[in-house]
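Counted from 1, the sequence shown has number 2 at position 2 by the numbering used here; the numbering is strictly sequential.
In what follows, a structure is listed as structure tokens, so that the remarks can point back to it.
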Amino acid sequence: MITSPLKRAKETAEVINKDLDIPLIKMDEFVERFFYDAEGMTVEERLKAFPTRKYPNQEDRDSLNKRIMIGIEKINQEYRGKKI
1 MITSPLKRAK ETAEVINKDL DIPLIKMDEF VERFFYDAEG MTVEERLKAF PTRKYPNQED
61 RDSLNKRIMI GIEKINQEYR GKKI
């Protein structure tokens with residue numbers, strides 16, 4: 001089972017995997033979007049601090065998409081023909 005290395009995602013994967021008991025594979029490519037200057041804020045705090053929803057130094061959409069596609073390509077190469 002593939003999961004993000006973030007605590008919240010890993011804990012969710014562990015709950016799902018309880019009965020399956022298969023290896024958990026952590027992949028950095030699947031962490032959530034980086035908000036940098038707005039990192040750690042609640043949605044309400046972000047909207048108050050950045051009403052235009054443009055967060056300084058935020059990971060842009062193209063970078064996010066490329067990172068995710070790299071992860072998908074790795075999965076296709078490393079686990080071809082396997083159930084993951």
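Even for Gly, the Cβ is constructed at its ideal location relative to N, Cα and C.
Notebook entry, point to check: For the region 52-70 against the region 30-41, are there 3 or more C-beta pairs whose distance is under 8 Å?
Noted result: Yes: the two stretches touch, three or more of their Cβ pairs being nearer than 8 Å.
Check: Do you know offhand how far Pro-5's Cα is from Thr-12's?
Finding: Approximately 11 Å between the Cα atoms of the pair.
Next item on the list: Measure the C-alpha to C-alpha separation of Ile-70 and Thr-3 and round it to an integer number of angstroms.
Entry: Ile-70 and Thr-3 have their C-alpha atoms some 15 Å from each other.
Notebook entry, point to check: Which residues in the same chain have their Cβ closer than 8 Å to the Cβ of Pro-23, if we skip the five residues on either side of it in sequence?
Noted result: Contacts found: Met-1.
Next item on the list: Enumerate in chain order the residues of its own chain whose CB-to-CB distance from Glu-84 is below 8 Å, with the five nearest sequence positions on each side excluded.
Entry: As written in the sequence, residue 84 is Ile, which differs from the Glu given in the question. Only Met-1, Ile-2, Ile-25, Ile-75 meet the Cβ criterion.
Margin query: I'd like to confirm the pairing. Which residues does DSSP put opposite Thr-3 in its beta bridges?
Written below: Answer is Lys-26, bridged to Thr-3.
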